[in-house]
Structures are given as C-alpha cells and as structure tokens.
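Visitor: Below is a structure I'd like to ask you about.
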Amino acid sequence: MNQERIYKVLLGPHVSEKSAMSAEAGNQVVFRVLPSATKLEIKNAVEKLFKVDVVDVRTVNMKGKVKRNRFGLSKKPNWKKAYVSLVQGQDIDFAVAE
Amino acid sequence: MQVSVETTSGLERRLIVGVPAARVDSAVDSRLQEAAKTVKLNGFRPGKVPMKVVRQRFGQSVRMEVLGQVMNDSFYEAIQEQGLKPAGRPEIEPKSMDEGKDIEFVATFEVFPEIELLDYSSIEVKKPVSEITDADLDKMIENLRKQRASWEAVEREAATGDQVNIDFVGTKDGEEFEGGKGEGTDLELGSGRMIPGFEDGIVGMKAGEEKVVALSFPEDYHSEELKGAAVEFAITVNAVKEQALPELNDEFFKMFGVEEGGEDAFRAEVKKNMERELKNATKTRIKTQVMDGVLDVHAELQVPKALVAQEIDALRNQQMQQFGALAEKLNPADILPDDLFRENAERRVKLGLVLNELIAAEEIKADADKVRATLEEMAASYEDKEEVINYYMSQPQQLQQIEGMVIEEEVVEKLLEKAKVSEETLSYEEVMSPPAQEDEED
Numbered sequence: 001m002n003q004e005r006i007y008k009v010l011l012g013p014h015v016s017e018k019s020a021m022s023a024e025a026g027n028q029v030v031f032r033v034l035p036s037a038t039k040l041e042i043k044n045a046v047e048k049l050f051k052v053d054v055v056d057v058r059t060v061n062m063k064g065k066v067k068r069n070r071f072g073l074s075k076k077p078n079w080k081k082a083y084v085s086l087v088q089g090q091d092i093d094f095a096v097a098e
Numbered sequence: 099m100q101v102s103v104e105t106t107s108g109l110e111r112r113l114i115v116g117v118p119a120a121r122v123d124s125a126v127d128s129r130l131q132e133a134a135k136t137v138k139l140n141g142f143r144p145g146k147v148p149m150k151v152v153r154q155r156f157g158q159s160v161r162m163e164v165l166g167q168v169m170n171d172s173f174y175e176a177i178q179e180q181g182l183k184p185a186g187r188p189e190i191e192p193k194s195m196d197e198g199k200d201i202e203f204v205a206t207f208e209v210f211p212e213i214e215l216l217d218y219s220s221i222e223v224k225k226p227v228s229e230i231t232d233a234d235l236d237k238m239i240e241n242l243r244k245q246r247a248s249w250e251a252v253e254r255e256a257a258t259g260d261q262v263n264i265d266f267v268g269t270k271d272g273e274e275f276e277g278g279k280g281e282g283t284d285l286e287l288g289s290g291r292m293i294p295g296f297e298d299g300i301v302g303m304k305a306g307e308e309k310v311v312a313l314s315f316p317e318d319y320h321s322e323e324l325k326g327a328a329v330e331f332a333i334t335v336n337a338v339k340e341q342a343l344p345e346l347n348d349e350f351f352k353m354f355g356v357e358e359g360g361e362d363a364f365r366a367e368v369k370k371n372m373e374r375e376l377k378n379a380t381k382t383r384i385k386t387q388v389m390d391g392v393l394d395v396h397a398e399l400q401v402p403k404a405l406v407a408q409e410i411d412a413l414r415n416q417q418m419q420q421f422g423a424l425a426e427k428l429n430p431a432d433i434l435p436d437d438l439f440r441e442n443a444e445r446r447v448k449l450g451l452v453l454n455e456l457i458a459a460e461e462i463k464a465d466a467d468k469v470r471a472t473l474e475e476m477a478a479s480y481e482d483k484e485e486v487i488n489y490y491m492s493q494p495q496q497l498q499q500i501e502g503m504v505i506e507e508e509v510v511e512k513l514l515e516k517a518k519v520s521e522e523t524l525s526y527e528e529v530m531s532p533p534a535q536e537d538e539e540d
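Which chain is which? The protein sequence lines are A and B, in order. Just so we're aligned: the first sequence equals residues 1 to 98 in the numbering used here. Just so we're aligned: the second sequence equals residues 99 to 540 in the numbering used here.
Here's what the structure looks like:
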C-alpha cells in the first residue's frame with residue numbers, strides 16, 4: 001500500500017459523549033477519517049502512527065448537516081467516522097502522540 | 099508529614115519536608131470532581147463530561163495548583179511544629195513531585211535572630227547641658243532681621259554684598275553671543291551667579307555708570323562654543339542697592355506674631371522657641387548616643403538578609419519620591435544601588451529587632467497621659483492647640499505614630515537608667531548643629 005496514505009487517512013480524533021462511552025466499554029478509539037479511506041488503510045495507519053495493535057475497524061459514513069444561512073440552505077460535506085478497537089490493555093494518549 | 103531542619107549558616111535554615119502522596123491525590127480528586135460539574139468541553143453536554151476525560155484534560159494543571167498550595171500549607175505547618183520564626187519569604191525548591199509518590203521539598207529561609215538582652219551599663223551617654231545666653235538670643239534676632247531684610251537704593255559705589263540692577267551685553271570677537279545679554283537684571287554681588295570676574299568688575303561702579311569688562315569664560319563652562327572664550331561685557335549699572343535690616347519695632351514684632359508687649363515680649367517669645375528647639379536637639383542627641391550604644395553592645399548580632407533587603411527597598415523608595423515625576427522613567431536599582439543604603443538599612447533592622455525585644459521584655463506601653471503630653475508639646479507651636487490635638491486624636495494612624503514616639507522615648511529612658519550618664523556643657527550653637535549621624539526613626 002502507498003506509504004503516503006498513512007499520513008493522509010486519519011484526520012483527527014473525534015471527541016464526543018459517545019466516543020467516551022465506547023472507549024470505556026469496548027476499548028475503542030474514534031477517528032474522523034478521509035471519506036475514501038478503507039478499513040484496511042485505517043488499521044495500518046493507526047498501527048503505524050500510534051504503535052498499537054488494532055483488532056477491528058468499523059466505519060460509518062456521516063451525512064453532512066444542512067445549515068441555513070442568508071442564501072437559503074447549504075450542505076456541509078459528508079465525512080467518515082471510524083471506530084477502531086484496540087487490543088485489551090492498549091490505549092492512545094493524544095496528548096503524547098505526535 | 100516528615101520534617102527535618104538543618105542550619106546551613108548563621109541565620110539560614112533549611113527545612114526538608116515530606117508530604118504523603120495521598121494528601122495531594124485526594125485534594126486533586128476532589129478538585130476535579132468539583133470541576134467536572136461545571137466544565138464545558140466540545141462534544142459533551144455541560145456536566146456530562148466523564149471523569150476520565152476531565153482528568154486527562156485538566157489533571158496536570160490542577161495538580162500543579164494543588165501542589166503549590168500543599169507545599170505552602172505544609173511549610174507553615176512545619177515551621178509551626180518546629181517553632182521557627184522565618185524572616186522574609188522562604189525559597190521553596192521541590193525535590194520530588196511525581197504522581198503517586200510522596201512529595202518532598204526543600205525550603206530555605208532565614209529566621210529572626212534570638213535576641214538576648216545584654217548588659218547596657220557599658221553605654222556611655224554624654225548629656226549636653228546648655229543655656230541660652232543673651233548673646234545667643236541677640237544672634238537669633240539678628241538672623242531674623244536678615245531674613246526680613248529689604249533692598250534700598252543708595253548713591254554710592256557698589257560693594258560686595260550689595261545688590262545691583264544692571265543691563266549687560268556680551269560680545270565675542272565683536273559679535274553678540276547667545277545668552278550674553280540681559281536687561282534690568284538684579285544681581286547680588288558676591289553670590290557667584292555669573293562667571294568669575296563679572297561681579298568683581300561691577301564693584302566700585304555707581305548708578306548710571308557704564309563700563310566694558312574683558313573676561314574669559316572658564317574652561318569647564320557648559321557651552322561648547324564659549325568654553326575658554328575671551329569676551330567683552332558692556333555693563334550699565336541702573337541702581338545700587340544696599341541691604342537694609344528692619345528696625346526692631348512693633349511692626350517687625352507683628353510679623354512674628356507678637357502683637358503686644360514690645361521688645362520684651364518679642365525676646366521672650368523668641369527665647370521660648372529657642373528653648374523648645376534646644377530641648378528637642380538635646381533629646382535627639384541623647385537618643386542618638388543611646389542608639390549608637392545599643393548597636394555597639396549588639397555588634398555581634400546577625401540580621402536576616404531578607405529584612406535588610408526589604409529595608410533597602412523602603413529607603414530607596416523614599417529617596418525615589420524626591421525625584422518626583424522623573425522617578426517613573428528611571429529604574430530605581432540603576433541610579434540608587436543597594437550598597438548606598440546597606441549600612442543604614444542594617445543599622446535600622448538591627449535597632450528595630452533589639453528595641454522590639456526590649457519593649458516586649460520591659461513591657462513598655464504607650465501611656466495615655468504621656469501621649470497627651472507629647473501631643474500638647476507638638477501643638478504648642480501652632481496657633482489653635484485644641485484643634486491640632488483633636489485632629490491627632492481622631493486619626494488612629496497619626497495617633498499610632500505618636501504612640502510610637504512615646505514608646506521610643508520610654509525605651510530611651512529605660513536605657514538611660516542603666517547607662518553611664520555624664521554631663522557636658524555645650525553652647526547653644528554646639529547643641530543645635532546636628533551631630534554627624536542622622537536621627538534614627540523607629
């Protein structure tokens with residue numbers, strides 16, 4: 001696989017109440033990723049960048065919100081969210097990671 | 099909490115304090131729990147942020163805050179436990195402050211010296227004894243006349259001590275130069291206001307005369323151009339005035355507030371003032387001697403550097419205030435280095451410490467009657483005495499100052515009882531000319 005994709009796939013951590021719950025219950029970390037990213041790419045990227053072992057990746061395509069502004073309606077772009085399950089006992093500390 | 103004390107040098111103490119980790123951790127936790135209820139974070143509804151996230155986000159900073167507080171608290175607990183009296187702020191240096199481990203820190207500070215009251219019988223005090231003679235009185239009245247002197251025009255040659263009114267034009271190589279011209283200027287001969295030779299040239303001239311004086315500017319003159327230049331001044335004398343002393347008559351007495359009684363009353367009034375000043379000067383002399391004596395007895399006493407530094411700052415600020423508006427532009431430490439004040443500051447700190455101890459030991463208090471008496475004495479030179487006294491009585495701050503004065507006097511008296519007192523006879527002037535050392539306020 002193209003090595004440069006590793007640095008492009010992950011857009012950032014997704015912090016929400018739901019992500020905090022899934023981290024608690026299933027040791028999952030939630031990322032916002034490129035809409036074109038595949039599960040395999042995400043797995044590789046997370047393993048390489050954060051030096052952890054990934055058990056499973058599940059993805060969701062999120063519909064962009066329809067916002068109202070002074071020109072009427074406009075649509076925010078669609079995006080992809082990835083729930084990455086880590087091996088028991090592992091964790092990603094975003095404060096330390098580069 | 100474990101505490102160990104080391105004496106590093108003289109008054110410096112080093113405290114090593116250990117605080118159990120639980121004390122910090124529980125404090126951090128309770129703080130975080132408090133924060134979790136109110137904190138706002140993107141992605142979470144207010145109050146729904148999980149503890150884990152809160153800890154991750156704020157744990158570090160809260161911990162630092164708590165640590166600072168715990169160190170401060172435990173430092174004061176420690177000194178209380180050890181019965182130390184620190185002077186100035188401690189310097190706290192953390193040794194280990196990792197999470198989960200016991201905390202240890204080192205505090206370095208100075209303590210107040212233990213002051214032992216020594217034997218003060220070795221203090222020698224020379225008590226000045228002097229009386230105001232008629233000659234002193236005459237001299238004082240002469241001075242007062244000079245203060246009120248007026249200038250009267252006379253028809254004679256100008257002499258040193260006279261005041262002349264002149265026009266002058268200065269020329270250099272035949273051309274006028276800047277600042278070398280004046281019209282109707284009053285000049286007192288012998289005052290040295292003009293360049294050397296200028297005033298000498300006028301001596302001997304009469305009103306209406308003209309004269310050209312050839313002079314050269316001094317080498318150290320402030321203007322680059324005129325430094326050492328040979329110039330000519332054309333001087334016209336408009337008037338010569340002589341100093342005229344006012345006569346000793348009722349009008350003159352009235353200026354000094356003596357309305358009735360003529361010369362006798364005036365002399366009595368002046369004498370009264372002189373006596374009061376003499377009394378004060380005598381007191382100051384004795385006080386200075388006593389204070390110097392106390393310092394000599396306690397020559398070995400070490401004073402905390404922190405206190406001296408504080409005193410230096412205070413003295414410097416006092417000095418800076420005299421510069422007025424200019425002071426804001428300057429850095430005080432630059433123009434007035436510490437060393438300028440060090441000796442004085444040390445002296446003051448030392449005296450302050452010893453006197454405080456003395457006051458505590460002898461249980462000296464400001465006696466209400468004595469405060470009143472001091473006030474009355476102070477008010478004596480004012481016209482409306484009652485008002486002055488009432489003013490001081492109604493201002494607690496001012497009153498405190500007076501009480502301080504009274505206490506100080508009591509201390510001096512107590513010390514005088516113990517000291518060797520010998521009398522010396524001095525003339526009025528000798529007492530009035532201040533001793534070399536400044537009067538010590540405390």
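All residues carry an ideal CB built from backbone N, CA and C; glycine is no exception.
Contact between the stretch 109-116 of chain B and the stretch 125-137 of chain B is defined here as three or more beta-carbon pairs at a separation below 8 Å; is this criterion met?
Guide: No, the stretch 109-116 of chain B does not touch the stretch 125-137 of chain B.
Visitor: Please state whether DSSP places THR106(B) in a helix, a strand or coil.
Guide: The answer is strand: DSSP assigns THR106(B) an E or B state.
Visitor: Enumerated in chain order, which unbroken segments of the beta strand (DSSP E) with a length of 3 residues or greater are wholly contained in the stretch 104-180 of chain B?
Guide: Whole beta strand (DSSP E) segments, 3+ residues: 110-117.
Visitor: Would you decide whether VAL46(A) is buried or exposed? Buried here means 16 or more other CB atoms lie within 10 Å of its CB.
Guide: Counting Cβ neighbours within 10 Å, VAL46(A) comes out buried, since at least 16 surround it.
Visitor: Looking at GLU444(B): is its Cβ nearer than 8 Å to the Cβ of VAL401(B)?
Guide: Yes. Within cutoff.
Visitor: In whole angstroms, what separates the C-alpha of LYS183(B) from that of ASN442(B)?
Guide: LYS183(B) and ASN442(B): Cα-Cα distance of roughly 24 Å.
Visitor: Mind checking who ARG68(A) pairs with in its DSSP beta bridge?
Guide: DSSP output for ARG68(A) lists LEU73(A) as bridge partner(s).
Visitor: Less than 6 Å between C-beta atoms, sequence neighbours within five positions excluded: which residues of the same chain meet that for VAL30(A)?
Guide: Excluding residues within five positions, the ones whose Cβ falls inside 6 Å are HIS14, SER19 and TYR83.
Visitor: Please confirm if SER16(A) has its CB atom under 8 Å from at least one CB of chain B.
Guide: Closer than 8 Å: yes.
Visitor: Out of curiosity, what's the CA-to-CA distance linking PHE296(B) and LEU451(B)?
Guide: Their backbone Cα atoms lie some 57 Å apart in a straight line.
Visitor: Counting only the same chain and skipping the five closest in sequence on each side, list residues whose C-beta sits under 8 Å from that of LEU514(B).
Guide: Hits under 8 Å: VAL223, ILE384 and VAL388.
Visitor: Quick check on ASP232(B): buried or exposed, where buried means 16 or more other Cβ atoms within 10 Å of its Cβ?
Guide: Exposed.
Visitor: Could you check how far apart the C-beta atoms of ALA256(B) and VAL335(B) are, in whole angstroms? I think they sit under 8 Å.
Guide: Contact flag correct, Cβ pair sits at about 7 Å.
Visitor: What does the alpha-carbon distance come out to for the pair GLU361(B) and GLU367(B)?
Guide: Cα to Cα, GLU361(B) sits roughly 10 Å from GLU367(B).
Visitor: Using 8 Å as the cut-off, can you tell me whether the stretch 271-281 of chain B makes contact with the stretch 301-316 of chain B, which would need three or more C-beta pairs spanning the two stretches below that distance?
Guide: No, they do not touch.
Visitor: So PHE142(B) contacts chain A; which residues on that side make the cut at Cβ distance below 9 Å?
Guide: Within 9 Å Cβ-Cβ: VAL15, SER16, GLU17 and ALA20.
Visitor: GLN408(B) by DSSP, collapsed to three states: which one?
Guide: Three-state DSSP puts GLN408(B) in a helix.
Visitor: In chain A, which residues lie less than 7 Å from VAL151(B) when you measure between Cβ atoms?
Guide: By Cβ distance, chain A contributes ALA20.
Visitor: Could you give the distance in angstroms between the alpha-carbon of LYS76(A) and the alpha-carbon of ARG70(A)?
Guide: Whole-angstrom Cα-Cα distance: 15 Å.
Visitor: Which residue spans inside the stretch 325-413 of chain B form an unbroken alpha helix (DSSP H) run of at least 4?
Guide: Counting only runs of 4 or more, we get 348-353 and 360-395.
Visitor: Between which residues of its own chain and PRO316(B) is the CB-CB distance below 7 Å, once the five residues before and five after are set aside?
Guide: Same-chain partners within the cutoff: ILE293 and PRO294.
Visitor: Give me, in chain order, the residues of the same chain whose beta-carbon lies closer than 8 Å to that of ARG243(B); leave out the 5 immediate sequence neighbours on both sides.
Guide: Taken in chain order, the residues that qualify are LEU343, PRO344, LEU346 and PHE350.
Visitor: When you compare each of VAL9(A), ASN78(A) and ASP91(A) to ASN44(A) by their alpha carbons, which one comes out closest?
Guide: The residue with the shortest Cα to Cα distance from ASN44(A) is VAL9(A).
Visitor: Assign ARG446(B) to buried or exposed, taking buried as 16 or more other Cβ atoms, counted over all protein chains shown, within 10 Å of its Cβ.
Guide: Counting Cβ neighbours within 10 Å, ARG446(B) comes out buried, since at least 16 surround it.
Visitor: Considering just the uninterrupted stretch of the alpha helix (DSSP H) at ARG236(B), what are its terminal residues?
Guide: One detail in the question is off: residue 236(B) reads as Asp in this sequence, not Arg. From DSSP, the alpha helix (DSSP H) with ASP236(B) extends over 232-245.
Visitor: Per DSSP, what kind of secondary structure is TYR83(A) in: helix, strand or coil?
Guide: Reduced to three states, the DSSP call for TYR83(A) is strand.
Visitor: Measure the C-alpha to C-alpha separation of GLY299(B) and LYS370(B) and round it to an integer number of angstroms.
Guide: About 46 Å.
Visitor: At 9 Å on the CB atoms, spell out the chain A contacts of GLU138(B), in chain order.
Guide: In the sequence as displayed, the identity of residue 138(B) is Lys instead of Glu. Within chain A, no residue comes near LYS138(B); the closest Cβ sits about 13 Å away, beyond 9 Å.
Visitor: Report yes if the C-beta distance between VAL469(B) and GLU501(B) is below 8 Å; otherwise report no.
Guide: Yes, Cβ-Cβ distance for VAL469(B) and GLU501(B) is below 8 Å.
Visitor: Please name the residue or residues paired with ARG440(B) in a DSSP beta bridge.
Guide: None; ARG440(B) has no bridge partner.
Visitor: How far does the beta strand (DSSP E) with LEU11(A) in it extend, from its first residue to its last?
Guide: LEU11(A) -> beta strand (DSSP E) spans 10-13.
Visitor: Taking the alpha-carbon positions, what's the GLU461(B) to PHE210(B) distance?
Guide: For GLU461(B) and PHE210(B), the distance between alpha carbons rounds to 20 Å.
Visitor: Would DSSP call GLY89(A) helix, strand or coil?
Guide: DSSP places GLY89(A) in coil when its eight states are reduced to three.
Visitor: Shorter than 8 Å from the beta carbon of LYS448(B) to some beta carbon of chain A?
Guide: Closer than 8 Å: no.
Visitor: Counting Cβ pairs closer than 8 Å, one from the stretch 373-380 of chain B and one from the stretch 270-277 of chain B, do we hit at least three?
Guide: With the cut-off at 8 Å, the stretch 373-380 of chain B and the stretch 270-277 of chain B do not touch.
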